[in-house]
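> Position 57, counted from 1, in the sequence shown is what the numbering used here calls 1271; the numbers after and before it change by one each time, with no gaps.
Cβ atoms here follow ideal geometry from the backbone N, Cα and C, with glycine treated the same way.
I have a structure here, written as structure tokens, and I will follow up with some questions on it.
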Amino acid sequence: MDPNYRYKGARLKPKIAKAIILEQFAGKTMSRREIDDGVIQHHQSNGGLPSTAKTNPIKAALRYLKGKGFAENVSRGSGSTWRIFENPKPVSEPLDTHGLIAVIRSEIQYLTTLIESFERRISELEATLTKDRQ
């Protein structure tokens, strides 16, 4: 269990599922079942609480990531397979200001996710160093 887990004590929600998917599965192609199991296992083993939502937070997270270019459903059906990208798929050049704003917001969100991931890694390393010094 990670003592610095950001979502300890929090119910699994799409925002949390999205962060876990990007952190754990970026660069991989996996079945939806593997993603579901991996997200739930990671969240709960680090002190997170299960979802009580009527809608599946992992499904919502994948749908959001797909819309932002971070995920692609490469097969459909009950055994669907998803490809999770480390970087969003390139988007075509926007033709208007609103399109450009959407692209910039998407890039900011992606960079924020990376920064949060790096901050977690730094915290983990600091905790390990502190533990080793004692």
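Contact between the region 1220-1238 and the region 1258-1277: three or more CB pairs below 8 Å?
Enough Cβ pairs lie closer than 8 Å, so yes.
> Quick one: Cα of Thr1344 to Cα of Arg1290, how far?
Going from the Cα of Thr1344 to the Cα of Arg1290 covers about 47 Å.
> Determine, using beta carbons only, whether Ile1318 and Ala1240 come nearer to each other than 7 Å.
Not closer than 7 Å, so no.
> Restricting to Cα atoms, I'd like to know which of Thr1327, Leu1279, Met1244, Lys1268 is closest to Thr1295.
Ranking the options by Cα distance to Thr1295, first place goes to Met1244.
> Going by DSSP in three states, Ser1245 sits in which element: helix, strand or coil?
Reduced to three states, the DSSP call for Ser1245 is strand.
> Please report the Cβ distance between Arg1347 and Asn1218, rounded to the nearest whole angstrom; I am assuming they are in contact, meaning their Cβ atoms lie under 8 Å.
Actually they are not in contact, since the Cβ atoms of Arg1347 and Asn1218 sit about 17 Å apart, beyond 8 Å.
> Sort out for me which residues DSSP pairs Leu1276 with in a bridge.
Paired residue(s): none; Leu1276 is not in a bridge.
> Quick one, are the C-beta atoms of Thr1326 and Leu1236 less than 7 Å apart?
It is not a contact, given that the beta carbons lie outside the stated cut-off.
> Thinking just about the alpha-carbon of each residue, which of Ser1331, Met1215, Arg1247, Thr1342 is nearest to the one in Gln1238?
For Gln1238, the nearest C-alpha among the options comes from Ser1331.
> Going by the CB atoms, is the gap between Gly1283 and Lys1303 shorter than 7 Å?
For Lys1303 and Gly1283, yes; Cβs fall inside 7 Å.
> Is DSSP giving Ser1294 helix, strand or coil here?
Ser1294: coil per DSSP, three-state reduction.
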